[in-house]
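Notes to accompany the following structure.
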Amino acid sequence: MEIKAIKNISPNANLIFNSFDLNGLKSDPLFKSLKNEDRNYIERVIGKDELNPKKAKLVHLPSNPKRVVIIIGLGAKKDWTRKKLFLASRRIIAELKANKVESAIASLEDLTVRGIDAGDFVALIVQNLVMADYSFVTHKAKPKTGWPVVRKIEIYSKAPERISKYIAEGKTIGEAVNSCRELANTPGGIMTPEKLANAAKRIGKAARVKVKVLDKTAIKKLGMGGLLGVSSGSAEKPKFIILEYGPLDKPPIVFVGKGITFDSGGIDIKRSGGAIDMKMDMSGGAAVITAIAAISRLKIKAHVVGLVPVAENMPSGSSYRPGDILKTITGKTIEVANTDAEGRVILADALGYAQRYKPALVVDVATLTGAAMIALGSRTNAVFSNKEKLLEFSKEVGDKTGDYAWPLPAWDEYDEEIEGTTGDFVNSGKLYPDGGAITGAVFLKQFVGNYPWIHLDIAPMMTSIEGQYLAKGATGTGVRFLIEIARSFK
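Here the sequence shown is numbered in my numbering, starting from 9 and rising by one per residue.
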């Protein structure tokens, strides 16, 4: 989809408006560009009623019936927020596709939110336009009429040259999110550990990011018993992906992403139907890979390292078992209570490896627990940290980007709930399932040392829900969060 800024309005172009009310619509410069008969006709169609925020109006202009205008109501202006801006931006694409309009000029006149500068405002809108345009149809037969498509969005501006760079920025971020979604949506039978490693190489090369992939022999040599244990039941060999971007003259921010390409639950196999979305259990790893590529393309001044432990969790005669003891790269041991709590086991090795960089900050992103969904639903991720100030920072990053993050505690008092009997730590809390998101986070905390650390549990927002104007499947959550961390962490 082409997105660009324009100043001159084609007399045959379709138009799409987002407005709070008729008065706001009438004052829009793009609306004023219409002929008198067209403006009068639209006013009559709308009537005296407020614009309905639940149902857009499609108007064929009397001066040119082939030319259409779509008007989307925004609801009450007093209730307008940044969150609603994200949804309104995506709805532009949804309405164009629903009405089979392939190109249009969009007015942003009424969409402004207090506190957002003009550049960020445009970039946010474009991000969400790009995200709304994505759908995963790789394995579906193309319908006779073709897939609904939006070929071009032109953004009306009095000074298009000023916003062009923000359009480019928004497209880069939106495309990174969609790249993450493409990886996460790919079935586990296709997106194996080796295929994810190859994808990381391809994406890294295109973005000029250094990528190194360690094989099973190297993983064993490093003493990553957690990663080896989880992968032991699968015919697919584990991988450990290392990405690096930026100047090497300062301690890096280390991003760690869970890369379980398919999670059956292992010996503690999931209930029937419980594994259908577990091809997406590598969403955290995909977010790390695609976020670092975007950070490079955006030329953000930061030193960033990405670590993605990759494995498939399968039951077989060679699987790791409940009761097993796994020795991690740190020397600390994990007592396996539940083979379906495998994400934290592979992340323990990756977090231990992260300490080698003496990082300024460690951020792990993982579809770690269903308990986070039970606690928070599907509209925000859960965030934990070993530094109180990083919790507020994370919430601000989430609010700013749309990868929302709600703080939960990882206090030292919870540590006793993961104390092992035969190993140092047990991978499932003693009070399971109570506080499952917390005990998962507290388990990870044991492997980060004294370095500042943020854990983002993205299980709640892993998949889209109704009303988000996103295609069914993976959302790519975490990508925007990580990009903003690289941009704003000091």
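Where is the CB? At the ideal position from N, CA and C, for every residue including glycine.
* Asked: Whose C-alpha, out of L256, S240, V134 and A131, is nearest the C-alpha of I275?
  -> Along the sequence shown, one-based indexing puts residue 275 at 267. The candidate whose alpha carbon is nearest that of I275 is S240.
* **For A294, the residue or residues it bridges with in DSSP** => Locating residue 294 in the sequence shown gives position 286, counting from the first residue. Paired residue(s): none; A294 is not in a bridge.
* To do: Assuming D357 contacts G234 (C-beta within less than 8 Å), just tell me the rounded distance between them.
  => Here the question's residue 357 lines up with position 349 in the sequence shown. Here the question's residue 234 lines up with position 226 in the sequence shown. Contact holds; Cβ gap of about 4 Å.
* **Rounded straight-line distance, which links the Cα of T430 to that of G351** => Taking the first residue of the sequence shown as 1, we reach residue 351 at position 343. Taking the first residue of the sequence shown as 1, we reach residue 430 at position 422. Cα to Cα, the separation comes out at about 20 Å.
* Asked: Since S111 sits in a beta bridge, which residues does DSSP pair it with?
  -> Indexing the sequence shown from 1 puts residue 111 at position 103. DSSP output for S111 lists K160 as bridge partner(s).
* To do: Spatial neighbours of Q135 within its chain, please: CB distance less than 6 Å, with the 5 preceding and 5 following residues excluded, ordered by chain position.
  => Along the sequence shown, one-based indexing puts residue 135 at 127. Answer for Q135: G178, I181 and G182, listed in chain order.
* Residues bridged to K43 by DSSP? -> Residue 43 sits at position 35 when you count from the first residue of the sequence shown. For K43, which the question treats as bridged, DSSP gives no partner whatsoever.
* Go ahead and pull the three-state DSSP assignment for K403. => For this step, residue 403 is matched to residue 395 along the sequence shown. Three-state DSSP puts K403 in a helix.
* Which residue's Cα is closest to the Cα of E244: L251, I133, A205 and P415? -> Here residue 244 refers to the residue found at position 236 when the sequence shown is read from its first residue. Minimum Cα distance to E244 is reached at A205.
* Continuous beta strand (DSSP E) assignments of at least 3 residues falling wholly in the segment 86 to 142 -> 111 to 114
* Asked: Going by beta carbon distance, what residues of the same chain come within less than 6 Å of E252, once the five residues before and after it are set aside?
  -> For the purposes of this step, residue 252 is identified with residue 244 of the sequence shown, where counting begins at 1. These residues qualify, in order along the chain: K218 and V313.
* Less than 8 Å between the CB atoms is what I'm expecting for S115 and Y49, so what's the real figure, rounded? => Residue mapping note: residue 115 aligns to position 107 of the sequence shown, counting from 1. Residue mapping note: residue 49 aligns to position 41 of the sequence shown, counting from 1. Wrong, their Cβ atoms sit about 18 Å apart, outside the cutoff.
* Are there 16 or more other CB atoms within 10 angstroms of the CB of K397, so buried, or fewer, so exposed? -> Position 389 of the sequence shown, counting from 1, holds the residue named residue 397. When all chains shown are included, K397 counts as exposed.
* Could you tell me which of S436, A184, K278 and G196 sits nearest to I491, measuring between CA atoms? => The count along the sequence shown starts at 1 and reaches residue 491 at position 483. Nearest option by C-alpha distance: A184.
* Asked: Are there 16 or more other CB atoms within 10 angstroms of the CB of W461, so buried, or fewer, so exposed?
  -> To locate residue 461, count along the sequence shown from 1; it is residue 453. The residue is buried, with at least 16 neighbouring Cβ atoms inside 10 Å.
* Asked: So which of D223, S272, A413 and L315 has the shortest CA-CA distance to K266?
  -> Reading the sequence shown from its first residue, position 258 is the one you call residue 266. Minimum Cα distance to K266 is reached at L315.
* **Where the alpha helix (DSSP H) through D357 begins and ends** => To locate residue 357, count along the sequence shown from 1; it is residue 349. Here the alpha helix (DSSP H) through D357 covers G351 to A362.
* Asked: How about S272 and N346: are their beta carbons less than 8 Å apart?
  -> Looking up residue 272 in the sequence shown gives position 264. Looking up residue 346 in the sequence shown gives position 338. Not closer than 8 Å, so no.
* What residues in its chain sit with their C-beta under 7 Å from that of R47, if we drop five residues either side in the sequence? -> Taking the first residue of the sequence shown as position 1, residue 47 is located at position 39. Result list for R47: F39, in chain order.
* For S242, which three-state DSSP category applies? -> Residue numbering aside, residue 242 sits at position 234 when the sequence shown is read from its first letter. If DSSP states are grouped into helix, strand and coil, S242 belongs with coil.
* CB of D87 within 8 Å of CB of E58, strictly -> To locate residue 87, count along the sequence shown from 1; it is residue 79. To locate residue 58, count along the sequence shown from 1; it is residue 50. Going by C-beta atoms, D87 is not nearer than 8 Å to E58.
* So, do the segment 473 to 482 and the segment 141 to 154 have three or more beta carbon pairs nearer to each other than 8 Å? -> yes
* Asked: So R495 packs on I300, CB below 8 Å; how close in whole Å?
  -> As a first step, residue 495 must be located in the sequence shown, where it is residue number 487. As a first step, residue 300 must be located in the sequence shown, where it is residue number 292. Between I300 and R495 the Cβ distance is about 13 Å, and since that is not below 8 Å, they are no contact.
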